[in-house]
Each structure stands twice: as structure tokens, then as C-alpha cells.
Amino acid sequence: MVLTLQIILVFAAVLMSIFVLLHKGKGGGLSSLFGGGVQANLSGSTVVEKNLDRYTIVMCVIWIACIIGLNLIQSYGL
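Next comes the structure, spelled out in C-alpha cells:
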């Protein structure tokens with residue numbers, strides 16, 4: 053159980069880092085390399101950015117749940 057949570061934690065952390073880097077910042081971002089920058093100039097918020105927000109939030113929730121689970125296992129020996 054602990055090993056599974058640790059693997060999921062690392063996987064979620066890596067994906068969350070990638071998703072955060074793909075977000076469009078003030079001066080563009082890595083997302084502009086994949087065509088997100090052209091559409092972002094035409095409209096305020098694109099479908100790609102909205103989906104990227106959702107994926108980032110899901111990865112963050114999974115990451116936090118793994119940390120809480122590992123702490124509970126360590127504290128109570130579940």
C-alpha cells in the first residue's frame with residue numbers, strides 16, 4: 053500500500069509540474085510551443101487552457117490525497 057501511494061505521489065508530482073509549466077504566463081509559456089499562444093490572442097480563454105486547468109487541479113488533488121494517506125499510514129500504522 054505504501055509503495056503504491058509513493059509511486060502515485062511521484063507520478064502526480066511529475067505530471068503536475070509539467071501541467072504547470074504548460075500554462076500560459078504573462079509572456080507566453082511552453083503552451084505557446086504547441087499552438088496555444090495563437091488561439092489565446094484571438095480569445096480570452098481557450099478550451100486548451102480550461103482543460104489544462106482541470107488536469108492540473110485533478111493532479112493536485114491526487115497529490116494531496118497521497119500525502120495525507122502516507123501520513124495517516126505512518127502515524128497510525130494502518
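For the sequence shown, the positions run 53 to 130 when this note's numbering is used.
Each residue gets a CB set at the ideal place from its N, CA and C atoms; glycine is no exception.
None of the values given here were measured: they were computed from a predicted structure.
For this session: Under 6 Å Cβ to Cβ from L122, same chain only, skipping five residues before and after it: list those, please.
Result: Residues L57 of the same chain have their beta carbon placed closer than 6 Å to that of L122, with the five preceding and five following residues left out of the count.
Exercise. Using a Cβ-Cβ cut-off of 7 Å (strictly less than) and excluding sequence neighbours within five positions of A64, which residues of its own chain qualify?
Worked result: Answer for A64: M111, I114, W115 and C118, listed in chain order.
Exercise. When DSSP labels each residue in this structure, what does T98 get in the three-state scheme?
Worked result: In this structure, T98 counts as coil in the three-state DSSP scheme.
Exercise. How big is the Cα-Cα spacing for V62 and L124?
Worked result: When only Cα atoms are considered, V62 and L124 end up about 18 Å apart.
Problem set entry | V113 CB to nearest heavy atom of the ligand MN below 7 Å | Among the components modelled here there is no ligand, and therefore nothing to report on the ligand MN.
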